[in-house]
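Undergrad:
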Amino acid sequence: MDAAFTAEQDEIRRTLREALTRHSGPDDVKAAVRTPAGHDGALWAALAGRLGLPGLALPERHGGAGCGTVELALAAEELGRSLAPTPLLATAGLAAPVLLAHGTPRQQADHLPRIAAGELTATLAVPGTALATALGLTGDNRGDWAGGGRTGGVQARAAGGGWRLYGQADQVLDGHTAQLLVVAAHTGGYARSRTLLFLVRGDAPGLARVRRTALDETRPRARLELRDVEGELCGDEGGGSGGGPGHGVGAVLATVGDRAAALLAAEAVGAADHALARTVTHVKEREQFGRPIGSFQAVKHRLADVYVGVQAARSAAYYAAWAAEAAGAGTGAAAGPGGGGAGERVGGLALAQGLEALRRAAAEAVQLHGGIGFTWEHDVHLYFKRAAGDELLFGPAHRLRAYAAERAGLFARTGARTGASAGAREGVEPPERGEPAVRVAGAGV
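Quick note on the numbering used here: the sequence shown kicks off at 5 and runs consecutively.
(1) Please tell me whether P63 and G53 are closer than 9 Å, where the distance is taken between their beta carbons.
(2) Would you decide whether F378 is buried or exposed? Buried here means 16 or more other CB atoms lie within 10 Å of its CB.
(3) Please report the residue range of the alpha helix (DSSP H) in which F388 lies.
(4) Looking only at its own chain, which residues have a Cβ that is under 8 Å from the Cβ of V37, when we skip the five neighbours before and after it?
(5) Report the three-state DSSP secondary structure of H373 (helix, strand or coil).
(6) Please say whether L280 and E395 have beta carbons closer to each other than 9 Å?
(7) Return the Cβ separation of E229 and A212 in integer angstroms, given the expectation that the two are a contact with Cβ distance under 8 Å.
(8) Alpha carbon to alpha carbon, what distance is there between G294 and R349?
(9) Among A126, G210, E82 and A120, which one has its Cα closest to the Cα of P91?
(10) State the beta-bridge partners of R146 as determined by DSSP.
(11) When you compare the CB positions of Q172 and L124, do they come within less than 9 Å of one another, or not?
(12) If you measure between the beta carbons of V260 and T199, is that distance less than 9 Å?
(13) Suppose you measure from the CA of A46 to the CA of Q111; what does that come to, to the nearest Å?
(14) Helix, strand or coil, according to DSSP, for E291 in the structure here?
(15) Out of A134, D14, G164 and L219, state which residue places its alpha-carbon closest to the alpha-carbon of A189.
(16) Taking 8 Å as the cut-off, does the region 383-399 touch the region 297-307 (at least 3 CB pairs, one atom from each stretch)?
(17) If you compare alpha carbons, which of V314, H286, L177 and L76 is closest to V273?
(18) Considering only C-alpha positions, which residue in the set E381, L78, A136 and L267 is nearest to A328?
(19) Within the continuous alpha helix (DSSP H) that includes T19, where are the two ends?
(20) Is A61 closer than 9 Å to L83 when the C-beta atoms are compared?
(21) Here's the rule I'm using: 16 or more other beta-carbon atoms within 10 Å means buried, otherwise exposed. How should T217 be labelled?
(22) Would G67 and G59 be called neighbours here (beta carbons separated by less than 9 Å)?
(23) Within its chain, find whatever has a CB closer than 7 Å to the CB of R364; leave out the 5 residues flanking it on each side and keep chain order.
(24) Tell me the DSSP secondary structure of W167 in three-state form.
(25) Less than 9 Å separating the beta-carbons of A269 and A320?
(26) Report buried or exposed for R421, applying the criterion of at least 16 other Cβ atoms within 10 angstroms of its Cβ.
(27) Once DSSP output is grouped into helix, strand and coil, what is the label at A7?
(28) Once DSSP output is grouped into helix, strand and coil, what is the label at V186?
(29) Provide the residue span of the alpha helix (DSSP H) that contains T137, from first to last.
(30) Shortest alpha-carbon distance to A94 belongs to which of A265, D240, A354 and N145?
(31) Of the residues T39, E81, A276 and A113, which one's Cα is nearest the Cα of R18?
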């Protein structure tokens, strides 16, 4: 991995920062989130049409720029700095990679060039509040998160040579405005449980979409109700997840999830870095006892700790973006169970570090801004809400780390009830009486 950015990457950052500085200031963001769409349509037209952000990481054969995950992470970091609400994450971070990895050649030809040109917005819809699980970030996504053949979730049944979808998805990013929905639905009944992906038009008859109230208004989401909605199977029927033949959907979503986590980590780094910069500027100007409060050692130490956390999170985010690209996440190549290269799916860990850096930077910003930091009129609360909202939607950080540790096999569980056979199955000797039941890298915990 080359840690230095290329001239082209630096140009992407510079161009995007200039555009966002002009058209996405704090007042612009507050005005945009109060529109029915939840974002500024003119800004999105500029980012998508003139700058080509949705197609940045799409192959040239589909009308994209042919760049990779690192370039898209650069864009995500700049968007995070301004908290600009756009459909970029939903369209280019979730839906487009799923289509690229799982769609048929015809589906890719129909939709990806329009996404790259900024003419089509899309999103991924999963049932309930299972987005983090469906993306393989906090748990195994080959379970029954899409309904499991029971009530709830989204169900699909074959009818008249097509598919009809029923059910509800609650936290769909930009689901109220997306023109194309990639919907995860359960089919096959309980005995032959599996999850498939379907393409649903945003204006399909029977589809009801309602924008939901969210803690973080800059991350708009919607509730979708599908009432006998026509859907087109994405990919082939043999690639479902669950108990069906193969685990294609689970592998694709886990691979896309790792890539999306890297983008979210970069976005969190951008937000944390900007919150820190604003706080540093404030403590240099705010005086107490006849001197700037930034000159006090306690304040310096707190901000120094935030700086170290932000820089560490930035390194983790860009390593995760590089690793996702190197493992084939941008093209859907899966090198191991659940997608991604063995040992290279580090997006969840980078996201955990990014969320923690943002949470700490936002908390210190609120505290060190004093009385004004707690007011609605100030902008600091937007960064605090972004940190809390992303943890609710994609985390929390401890679950991201726990599942990453589980996948890596860091914890070998044994115990009195497992017996010698279980210990042999895990490759660990059963513990003697009085010894710890969990070993980490040879050390008892």
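C-beta atoms are modelled at their ideal positions from N, C-alpha and C, and glycine is treated no differently. Treat the numbers as computed from the prediction; the structure is a model and nothing was measured.
TA: On the basis of the data shown:
(1) Not closer than 9 Å, so no.
(2) Burial check for F378: the Cβ neighbour count within 10 Å stays below 16, so the residue is exposed.
(3) Per DSSP, the unbroken alpha helix (DSSP H) holding F388 starts and ends at V384 to F398.
(4) By the criterion of a C-beta distance shorter than 8 Å, V37 is surrounded in its chain by H43, P89, E221, T222 and P224, once the five residues flanking it on both sides are discounted.
(5) Reduced to three states, the DSSP call for H373 is coil.
(6) Taking C-beta atoms as the reference points, E395 and L280 fail to come closer than 9 Å.
(7) Right, the Cβ-Cβ distance comes to about 4 Å (below 8 Å), so this counts as a contact.
(8) Taking C-alpha positions only, R349 is separated from G294 by approximately 51 Å.
(9) Here the closest residue by C-alpha is A126.
(10) Partner(s): none; R146 has no beta bridge.
(11) No.
(12) In this structure, T199 does not lie closer than 9 Å to V260 by Cβ.
(13) Approximately 28 Å between the Cα atoms of the pair.
(14) Looking at E291 - three-state DSSP - the assignment turns out to be strand.
(15) Cα-wise, what sits closest to A189 is A134.
(16) With a cut-off of 8 Å on Cβ pairs, the region 297-307 is not in contact with the region 383-399, counting fewer than three such pairs.
(17) Nearest option by C-alpha distance: V314.
(18) Comparing Cα positions, the closest option is L267.
(19) Looking at the DSSP string, the run of the alpha helix (DSSP H) that includes T19 is A11 to H27.
(20) For L83 and A61, no; Cβs fall outside 9 Å.
(21) Burial call: exposed.
(22) Yes; because the gap between Cβ atoms is below 9 Å, this pair is in contact.
(23) For R364, the CB contacts under 7 Å within the same chain, skipping 5 residues up- and downstream, are V310 and G313 in chain order.
(24) DSSP, read as helix, strand or coil, puts W167 in strand.
(25) At a Cβ-Cβ threshold of 9 Å, A269 and A320 count as neighbours.
(26) Legend: pLDDT at R421 = 44, less than 50; position of this residue unreliable, no value from coordinates given.
(27) Three-state result, A7: coil.
(28) Three-state result, V186: strand.
(29) Start and end: L135 to A138.
(30) Checking every option, the nearest Cα to that of A94 belongs to A265.
(31) For the options T39, E81, A276 and A113, the alpha carbon positioned closest to that of R18 is the one of E81.
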